[in-house]
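K.L.:
My structure is below; once you've seen it, I'll send some questions.
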């Protein structure tokens, strides 16, 4: 190969050199320079993988996907078989921007269960738009139901990407307690704290949006009971009635609902509310549906935003608004998983096979949770209350030292602000008690 011309070499040598800081200042906005793509969960998972590669007998409590007892991703075979059987058109064609019409109708019942019919009977209308995963539904609400610099209301323990989504939409955060203070009227809901923060938000902004991840809360595994759900919903409705000019939206993120004992608990609660109370016109209820967990379709990115309100014309307008944002962000959602899930639920044989496997995976999670909780109780490890889903949580003021001590003994977990997330979903049954023993030892060392 011939050498480059002398003038090219000279030009390269004369090219100005910039430091990383100078390049960032020149090419990125002030807002962009504050962003980071590093995710603590994936960093913990990478350390676990490196430990296994080095020959360590390590336990993986890091990931947010359900692993079978052999460490492989738990995949529902009926779902994958049905996906591969789809016609070429379903594999290759665009979906309509709101989603496949038959799937949009179905997803409302998948999200809300039999409660949907009761709501309809009492004059509550519904709409749905299909999104790339449940995260897409969250994004649509954040982008359109608050103004920039408003605060998004969360519980004080929450999935860390909630903050990322809020930041991308120019929003701040407000919080209310996940675990109520002593003396609360309900063991799961600090009604007074929630009421106070809603009142404060109503004084400083024109709209309120709150995300509540329930049931099977990430990162704690906590699920509200029927009374707790009713208290939360009633408190939001109370705020809406108090300030009719303030828009109030309660968004239920049901990503893990399929592995909860009350799969459609929120559908039942909203149905009861619609039957017994007047629905304020300035109250909107949204439900975030995800096909990732129940259908083991994590990477297919199939979710939905389900919207509930007494006014159908308002929902028609809301759908247009959400479509505009979706079109300008991800264009359209993927067709194949919509067609796959619809096929499963309209074929009795496939549905039975899918449900049997889903129930097996739920039972696997339940056994792991029961064994882990029992062992931690023997050791006196003060876990947060946890009931369903993928995770357990150890509250700590300083989570790093305990997580590091556990890693030294071969247990890899995710340290977060305020505690450690334990991925029960990824720990094999025959490692559960050992994992609890290691956690207890690490906790005692750092106490």
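Numbering (the working numbering), first residue to last: 1335 to 1781. Backbone N, C-alpha and C define an ideal beta-carbon position, used for all residues, glycine too. Every value quoted in this text rests on a predicted model; they were computed, and no experiment measured them.
#1: Please give the ranges of any alpha helix (DSSP H) in the stretch 1451-1530, keeping only runs that are unbroken, at least 4 residues long and fully inside the region.
#2: Hey, residue 1585 and residue 1545: beta-carbon distance below 8 Å or not?
#3: Counting Cβ pairs closer than 8 Å, one from the stretch 1423-1438 and one from the stretch 1663-1679, do we hit at least three?
#4: I need the boundaries of the alpha helix (DSSP H) containing residue 1735, first residue and last residue.
#5: When the Cα of residue 1306 is compared with those of 1499, 1698, 1450, which residue comes out closest?
#6: Figure out for me which residue from 1444, 1707, 1641, 1429 has the closest Cα to the Cα of residue 1556.
#7: Can you give me the start and stop residues for the beta strand (DSSP E) that residue 1680 sits inside?
#8: Using 10 angstroms around the beta-carbon of residue 1760, count the other beta-carbons present and answer buried if the total reaches 16, otherwise exposed.
#9: Since residue 1446 and residue 1660 should fall inside the 8 Å C-beta cutoff, what is the C-beta to C-beta distance between them, to a whole number of angstroms?
#10: Does the distance from the C-beta atom of residue 1649 to that of residue 1620 stay below 8 Å?
#11: Rounded to the nearest angstrom, what separates residue 1615 and residue 1644 at their Cα positions?
#12: With C-beta atoms as the reference, is residue 1393 less than 8 Å away from residue 1734?
#13: Span of the beta strand (DSSP E) holding residue 1396?
#14: Per DSSP, what kind of secondary structure is residue 1755 in: helix, strand or coil?
#15: Which residues does DSSP list as the beta-bridge partners of residue 1587?
#16: Measure how close the beta-carbons of residue 1412 and residue 1579 come, nearest whole angstrom, since I'm counting them as under 8 Å.
#17: So the alpha helix (DSSP H) residue 1729 belongs to, where does it begin and stop?
#18: If we count the other Cβ atoms within 10 Å of its Cβ and call it buried at 16 or more, is residue 1725 buried or exposed?
#19: Assign residue 1776 to buried or exposed, taking buried as 16 or more other Cβ atoms, counted over all protein chains shown, within 10 Å of its Cβ.
#20: Among residues of its own chain, excluding the 5 on either side of residue 1442, which ones have a beta-carbon nearer than 7 Å to its beta-carbon?
#21: Given that a residue counts as buried once 16 or more other Cβ atoms are within 10 Å of its Cβ, and exposed if not, what is residue 1696?
#22: Near residue 1618, which residues of its chain fall below 6 Å by C-beta distance, leaving aside the five closest residues on each side in sequence?
#23: Rank 1758, 1736, 1749 by C-alpha distance to the C-alpha of residue 1781 and give the top, closest one.
#24: Can you check whether the CB of residue 1508 is closer than 8 Å to the CB of residue 1528?
#25: Smallest Cα separation from residue 1484: which of 1418, 1495, 1504?
#26: Among 1525, 1552, 1482, 1692, which has the Cα closest to the Cα of residue 1493?
#27: Does residue 1638 come out as helix, strand or coil in the three-state DSSP assignment?
#28: Which residues in the same chain have their Cβ closer than 6 Å to the Cβ of residue 1703, if we skip the five residues on either side of it in sequence?
#29: In terms of residues, what are the limits of the beta strand (DSSP E) holding residue 1750?
#30: Identify which residue in 1587, 1402, 1385, 1396 has its Cα closest to the Cα of residue 1749.
#31: Beta carbon of residue 1571, beta carbon of residue 1624: below 8 Å?
#32: Taking Cβ to Cβ, would you say residue 1771 is nearer than 8 Å to residue 1709?
#33: Between which two residues does the alpha helix (DSSP H) containing residue 1352 stretch?
#34: Can you look up residue 1542 in the DSSP assignment and give me helix, strand or coil?
#35: If you draw a straight line from the alpha carbon of residue 1409 to that of residue 1629, how long is it in whole angstroms?
#36: Under 8 Å Cβ to Cβ from residue 1732, same chain only, skipping five residues before and after it: list those, please.
P.N.:
The short version:
#1: Taking only runs of at least 4 residues, the alpha helix (DSSP H) segments lying wholly in the stretch 1451-1530 are 1467-1478, 1495-1502.
#2: Yes, the pair counts as a contact, with Cβ atoms nearer than the cut-off.
#3: Counting C-beta pairs closer than 8 Å gives three or more between the stretch 1423-1438 and the stretch 1663-1679, which meets the contact rule.
#4: Taken as a continuous stretch (DSSP letters only), the alpha helix (DSSP H) holding residue 1735 covers 1733-1742.
#5: The structure shown does not extend to residue 1306, since the chain is modelled only from 1335 to 1781, so the question has no answer here.
#6: Closest by C-alpha distance to residue 1556, out of 1444, 1707, 1641, 1429, is 1707.
#7: In the DSSP annotation of this structure, residue 1680 is not part of any beta strand (DSSP E), being labelled neither H nor E.
#8: Answer is buried; the Cβ neighbour count reaches 16.
#9: Rounded, the Cβ-Cβ distance is 22 Å, inconsistent with contact.
#10: By the CB criterion at 8 Å, residue 1649 and residue 1620 fall outside the cutoff.
#11: So the two alpha carbons sit approximately 7 Å from each other.
#12: No, these two residues do not count as a Cβ contact at 8 Å.
#13: No beta strand (DSSP E) holds residue 1396; DSSP gives it neither H nor E.
#14: If DSSP states are grouped into helix, strand and coil, residue 1755 belongs with the strands.
#15: The partner list for residue 1587 (beta bridge, DSSP) reads 1547, 1622.
#16: About 50 Å separates the beta carbon of residue 1412 from that of residue 1579, a gap too long to meet the 8 Å contact definition.
#17: Counting along the chain, residue 1729 falls outside any alpha helix (DSSP H), though it belongs to the beta strand (DSSP E) covering 1725-1729.
#18: Residue 1725 should be labelled buried.
#19: By the neighbour-count rule (16 or more Cβ atoms within 10 Å), residue 1776 is buried.
#20: Contacts found: 1450, 1460, 1462, 1640.
#21: For residue 1696, the number of other beta carbons within 10 angstroms of its own is at least 16, and it is reported as buried.
#22: Once the five neighbours on either side are set aside, the close Cβ partners of residue 1618 are 1583, 1643.
#23: The candidate whose alpha carbon is nearest that of residue 1781 is 1736.
#24: Against a cut-off of 8 Å, the Cβ pair of residue 1508 and residue 1528 comes out as no contact.
#25: Per the C-alpha coordinates, the member of 1418, 1495, 1504 positioned closest to residue 1484 is 1504.
#26: Among 1525, 1552, 1482, 1692, the Cα nearest to that of residue 1493 belongs to 1552.
#27: Residue state, collapsed to three classes: strand.
#28: Sequence-distant Cβ neighbours of residue 1703 in its own chain, meaning closer than 6 Å and more than five residues away, are 1758.
#29: According to the DSSP assignment, residue 1750 belongs to the beta strand (DSSP E) that extends over 1748-1750.
#30: Minimum Cα distance to residue 1749 is reached at 1396.
#31: Contact flag unset, no.
#32: It is a contact, given that the beta carbons lie within the stated cut-off.
#33: Unbroken run through residue 1352: none, as it is neither H nor E.
#34: For residue 1542, the secondary structure class from DSSP, reduced to helix, strand or coil, is strand.
#35: Each residue's Cα considered, the two are about 8 Å apart.
#36: In the same chain as residue 1732, and ignoring 5 residues on each side of it, the C-beta atoms closer than 8 Å to its own belong to 1780, in chain order.
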